[in-house]
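**Student:** Just add 17 to wherever you are in the sequence shown, counting from 1, and you've got the working numbering. Glycine included, C-beta positions come from ideal geometry on N, C-alpha and C. These numbers come from a predicted model, not from an experiment.
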Amino acid sequence: MGLFGRRHDDDDEMDEWAYELTRKDSFPLAATLVGAVVVLTVAIPIILYLPHRDLFATPLCVGTLVALATWGVALLVTLRYAAIGWKIGSLGILCVTGLIAAAIGVGTAIGAMQNDMRAMSEISVDPQGGIVLPPGGARGPISRLSFAYFKQVSDDVRAHAAALHALGYDDLARPDTTLRNHDLLAHCDKRATAGPMIEAYYSRREAAVRQYRADLQRLDVNETFRKRLVDGIDEAQRQHGDMLRRAATNEQAQIGELTMLCQILARRHWRDQFGQFGFSSRSDLAEYREHGRRADELTEESNRLMRASIAQVNSGTAQIRRSLF
Numbered sequence: 018m019g020l021f022g023r024r025h026d027d028d029d030e031m032d033e034w035a036y037e038l039t040r041k042d043s044f045p046l047a048a049t050l051v052g053a054v055v056v057l058t059v060a061i062p063i064i065l066y067l068p069h070r071d072l073f074a075t076p077l078c079v080g081t082l083v084a085l086a087t088w089g090v091a092l093l094v095t096l097r098y099a100a101i102g103w104k105i106g107s108l109g110i111l112c113v114t115g116l117i118a119a120a121i122g123v124g125t126a127i128g129a130m131q132n133d134m135r136a137m138s139e140i141s142v143d144p145q146g147g148i149v150l151p152p153g154g155a156r157g158p159i160s161r162l163s164f165a166y167f168k169q170v171s172d173d174v175r176a177h178a179a180a181l182h183a184l185g186y187d188d189l190a191r192p193d194t195t196l197r198n199h200d201l202l203a204h205c206d207k208r209a210t211a212g213p214m215i216e217a218y219y220s221r222r223e224a225a226v227r228q229y230r231a232d233l234q235r236l237d238v239n240e241t242f243r244k245r246l247v248d249g250i251d252e253a254q255r256q257h258g259d260m261l262r263r264a265a266t267n268e269q270a271q272i273g274e275l276t277m278l279c280q281i282l283a284r285r286h287w288r289d290q291f292g293q294f295g296f297s298s299r300s301d302l303a304e305y306r307e308h309g310r311r312a313d314e315l316t317e318e319s320n321r322l323m324r325a326s327i328a329q330v331n332s333g334t335a336q337i338r339r340s341l342f
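1. Would phenylalanine 164 be called buried (16 or more neighbouring beta carbons within 10 Å of its own) or exposed?
2. In terms of alpha-carbon separation, which member of Trp103, Gly258, Ile337 and Asp133 lies closest to alanine 14?
3. Among residues of its own chain, excluding the 5 on either side of threonine 39, which ones have a beta-carbon nearer than 8 Å to its beta-carbon?
4. Could you tell me the alpha carbon to alpha carbon distance between cysteine 279 and serine 298, rounded to whole angstroms?
5. Just curious, the beta strand (DSSP E) that arginine 288 is in, first and last residue?
6. Under three-state DSSP, which class holds valine 149?
7. Quick test of the definition: if touching needs 3 or more C-beta pairs under 8 Å, does the segment 180-194 touch the segment 234-254?
8. Please classify asparagine 320 as buried or exposed, where buried requires at least 16 neighbouring CB atoms within 10 angstroms.
9. Start and end of the beta strand (DSSP E) containing glycine 52?
10. Compare the beta carbon distance of proline 62 and alanine 119 with 7 Å and say whether it is the shorter of the two.
11. List in chain order: all unbroken alpha helix (DSSP H) runs of 4+ residues lying wholly within the segment 95-177.
12. What three-state label does DSSP hand glycine 333 in the structure shown?
13. Considering just the uninterrupted stretch of the beta strand (DSSP E) at phenylalanine 294, what are its terminal residues?
14. Could you check which residue in Gly52, Leu72 and Glu304 has the C-alpha nearest to that of threonine 241?
15. Count the other C-beta atoms from every protein chain shown that fall within 10 angstroms of the C-beta of proline 144, then say buried if there are 16 or more, exposed otherwise.
16. With DSSP collapsed to three states, give me the class of phenylalanine 242.
17. If we ignore side chains and look at the alpha-carbon of each, how far apart do methionine 130 and aspartate 237 end up?
18. Measure the alpha-carbon distance for leucine 275 versus histidine 308 and round it to whole angstroms.
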């Protein structure tokens, strides 16, 4: 202590020198390196485990908070003995490490989401309109939900086709099969059975789409991305819903025309003429041709609807591929 309470420079240097000799060794470099490892080890699993509805804010907050918490523990344990430069530098290094952990978490989430959507882009449609799922199965929550939906729809399509086939109207295509199916000619009008069955089938299809949309809303995916998915479903449903209604009307009309054809054949004013129906009644022939023409038109319309549905699926998968690459 100098005169009048002032200190000389050499006194300051002496005190600093004495402090350095007596200060506990805080190992600041080692503490910072260990802290960085702790930040990466703790932050990344937390980021991957937490909900992913906010793809960027949540990882950044987690990375920063883990970094601050790690620095706080290090400060209490050892860094409090370090020089102020080490304290500030260690805090900066750990915060940067937290940001790196956040970036790794974001990149991992984006990669997983892309892989999930890549599975969706590999969906195809067979010539009969059936959905063909890619090998290896689902690769994430979106494809897992979507594949379950497509399987449900495909199973229902096959069951509905089998139910229509069981009505027996396919046997009206040739004289030999028509003659063998005596029960069909005796009970031509199956509209009381087929009508409600068709209505129930298309009601299930519409309900399945609504449920799929609702399930998408609950998925743990990025909020912005999920909104795009739901908007895409809504747009597809506007088109597909119209096609479903037209398909239902078409099937009901086909059943009506097949009923009329069956009733004409049930009059037995025909014989098997080289694999064709040879009518002995001109009026029956005229009726048969008229209803047959109408049935062919309805079949072609049904094929157009199927082609439009296939094109819609292919357009959707192509759009996913463009967004990925």
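**Tutor:** Well, looking at it:
1. For the purposes of this step, residue 164 is taken as residue 147 along the sequence shown, with counting starting at 1. Buried, since its Cβ has 16 or more Cβ neighbours within 10 Å.
2. Residue coverage of the chain in this structure runs from 18 to 342, which leaves residue 14 outside it and unanswerable.
3. Taking the first residue of the sequence shown as 1, we reach residue 39 at position 22. Low confidence applies to threonine 39: its pLDDT is 42, below 50, so where it sits in the model is not reliable, and the reading given next is rough at best. Excluding residues within five positions, none has a Cβ falling inside 8 Å.
4. Translated into the one-based positions of the sequence shown, residue 279 becomes position 262. Translated into the one-based positions of the sequence shown, residue 298 becomes position 281. Going from the Cα of cysteine 279 to the Cα of serine 298 covers about 15 Å.
5. Numbered from 1 along the sequence shown, position 271 holds the residue referred to as residue 288. It spans 287-290 - the beta strand (DSSP E) in which arginine 288 sits, taken as one unbroken run.
6. Here residue 149 refers to the residue found at position 132 of the sequence shown. In this structure, DSSP gives valine 149 an extended state, which the three-state scheme calls strand.
7. Contact check between the segment 180-194 and the segment 234-254: fewer than three CB pairs, one atom from each, fall below 8 Å, which does not count as touching.
8. Mapped onto the sequence shown, residue 320 falls at position 303. Residue burial annotation: asparagine 320 is exposed, with fewer than 16 other C-beta atoms found within 10 angstroms of its C-beta.
9. For the purposes of this step, residue 52 is identified with residue 35 of the sequence shown, where counting begins at 1. It is not in any beta strand (DSSP E) - glycine 52 instead sits in the alpha helix (DSSP H) that spans 45-66.
10. Taking the first residue of the sequence shown as 1, we reach residue 62 at position 45. Taking the first residue of the sequence shown as 1, we reach residue 119 at position 102. It is not a contact, given that the beta carbons lie outside the stated cut-off.
11. Counting whole runs of 4 or more residues, the segment 95-177 contains the alpha helix (DSSP H) stretches 101-138.
12. In the sequence shown, residue 333 corresponds to position 316, counting from 1. Here glycine 333 sits in helix by DSSP.
13. As a position in the sequence shown, residue 294 is number 277, starting the count at 1. Phenylalanine 294 -> beta strand (DSSP E) spans 293-296.
14. Here the question's residue 241 lines up with position 224 in the sequence shown. Comparing C-alpha distances from threonine 241 to each of Gly52, Leu72 and Glu304 shows the shortest one belongs to Leu72.
15. Locating residue 144 in the sequence shown gives position 127, where the first residue counts as 1. Exposed, because fewer than 16 other Cβ atoms sit within 10 Å of the Cβ of proline 144.
16. Along the sequence shown, read from residue 1 onward, the residue named residue 242 stands at position 225. Phenylalanine 242 falls in the helix class under three-state DSSP.
17. Along the sequence shown, one-based indexing puts residue 130 at 113. Along the sequence shown, one-based indexing puts residue 237 at 220. Between the alpha carbons of methionine 130 and aspartate 237 lies a gap of roughly 11 Å.
18. Taking the first residue of the sequence shown as position 1, residue 275 is located at position 258. Taking the first residue of the sequence shown as position 1, residue 308 is located at position 291. Roughly 8 Å separates the two Cα atoms.
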